[in-house]
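>
In our numbering, the protein residues as written are 9 to 330.
1) Closest to residue 142 by C-alpha separation, out of 177, 106, 171, would be which residue?
2) List the endpoints of the continuous alpha helix (DSSP H) containing residue 321.
3) With 16 as the cutoff for other CB atoms within 10 Å, does residue 127 come out buried or exposed?
4) Alpha carbon to alpha carbon, how far is residue 276 from residue 166?
5) Whether or not the region 75-91 and the region 236-243 are in contact is what I'm after, with contact meaning three or more pairs of Cβ atoms, one per stretch, closer than 8 Å; do they touch?
6) Within its chain, find whatever has a CB closer than 7 Å to the CB of residue 134; leave out the 5 residues flanking it on each side and keep chain order.
7) Taking the alpha helix (DSSP H) that residue 294 falls in, what are its first and last residues?
8) Looking at residue 307 and residue 288, is the spacing between their C-beta atoms short of 7 Å?
9) If I measure Cβ to Cβ from residue 199 and keep anything under 6 Å in the same chain, skipping five residues before and after, which residues do I get?
10) How close, in whole Å, do the beta carbons of residue 76 and residue 227 come, if the pair is a contact with beta carbons under 8 Å?
11) Let's test the definition: count the other Cβ atoms within 10 Å of the Cβ of residue 23 and tell me whether it reaches 16, buried, or not, exposed.
12) Go through its chain and collect everything with a Cβ distance to residue 297's Cβ below 7 Å, but skip five positions before and after it.
13) Below 8 Å CB to CB, which residues in the same chain sit around residue 322 once its five sequence neighbours on both sides are set aside?
14) Kindly indicate which residue of 80, 139, 50, 118 has the alpha-carbon position closest to the one of residue 108.
15) Is it buried or exposed, residue 310, if we count other Cβ atoms within 10 angstroms and call 16 or more buried?
16) Could you pull out every residue in the same chain whose Cβ sits closer than 6 Å to the Cβ of residue 68, ignoring the five residues on either side in sequence?
17) Using 7 Å as the threshold, is the C-beta distance between residue 41 and residue 154 below it?
18) Below 8 Å on the Cβ atoms is my guess for residue 27 versus residue 97; work out the distance and round it to an integer in Å.
19) Roughly how many angstroms separate the alpha carbons of residue 301 and residue 17, rounded to a whole number?
20) So, for residue 260: in the same chain, excluding its five sequence neighbours on each side, which residues have a beta-carbon less than 6 Å away from its beta-carbon?
21) Restricting to Cα atoms, I'd like to know which of 85, 113, 171, 176 is closest to residue 233.
22) Which residue or residues does DSSP assign as beta-bridge partners of residue 220?
23) Are the Cβ atoms of residue 223 and residue 47 separated by less than 7 Å?
24) Taking the straight line between their C-alpha atoms, what separation do you get for residue 319 and residue 262?
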């Protein structure tokens, strides 16, 4: 499959973070349909709560027939791509609820025609008149009871990825931005080539641009390429949003555990607010540690809009690697 671009698509393309799409990806991991990877400990802690939710909301089990499958055997209405950079979960859920039942049923029938037969109860649920609302309630419960507790940390990691990737796209163009996105993606001759299903299919952006969505749970490329939704590509985020590894004990003894963790995290630039979320500290506490590291020349800050992004200096790099 290939996505054909024109010069106007570079300016129209953008990056966004979607709590609803991340809820869907977390659902796949908690249901055991995708490997948990670095989230294995998190998934083990949350799985019992998920099983109780799945008993209360059968839509979570029925989703396996139409979501998270290989190729293009997936519906889009469950977690449509966002329309802005950082949309709250509630706004995204409202967009899902606004999906016309006829559109949802059309997507479901298209997918079911490509899949093995499903159980009668699954078919009844999926083709029933309340299917959109049933999925909305299920994902609302999954978000409220499980994912929202971890969202500040996950969101901070996704934000850092967006800053990194969007900067490369703006400064260097498609080839540089896509070169390490995934082995499934390649830039060649004005096209984004994807190792997905539908070989030979060509999608033309025609100046509309492409929406890029980083995911902390998904370790493969996904795409929304239906006219009913904005064209979007999902890709694995750098760092994956997993908790930071314990810092080197000798470094922690030298400068303190929290400061050592901040120094380790700043292999990628981050704001004080993002670091606080990643470390599970207050912004004030983290700000004190950041100020101390800055005074000693281990990190430096660069203002970007209203925020200050911190990164390690060469001295900080030498200390963390030594």
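Every residue gets a Cβ at the ideal spot worked out from N, C-alpha and C, and that includes glycine. The model shown is predicted, which means the values in this text are computed figures rather than measured ones.
Taking the geometry as given:
1) 106
2) First-last for residue 321: undefined, no H or E at that position.
3) exposed
4) 11 Å
5) yes
6) 70, 73, 74, 116
7) 291-303
8) no
9) 10, 12
10) With 8 Å as the limit, residue 76 and residue 227 do not qualify as a contact, their Cβ atoms being about 13 Å apart.
11) buried
12) 266, 267, 270
13) none
14) 139
15) exposed
16) 62, 146
17) no
18) 4 Å
19) 41 Å
20) 268
21) 85
22) 23, 241
23) no
24) 20 Å
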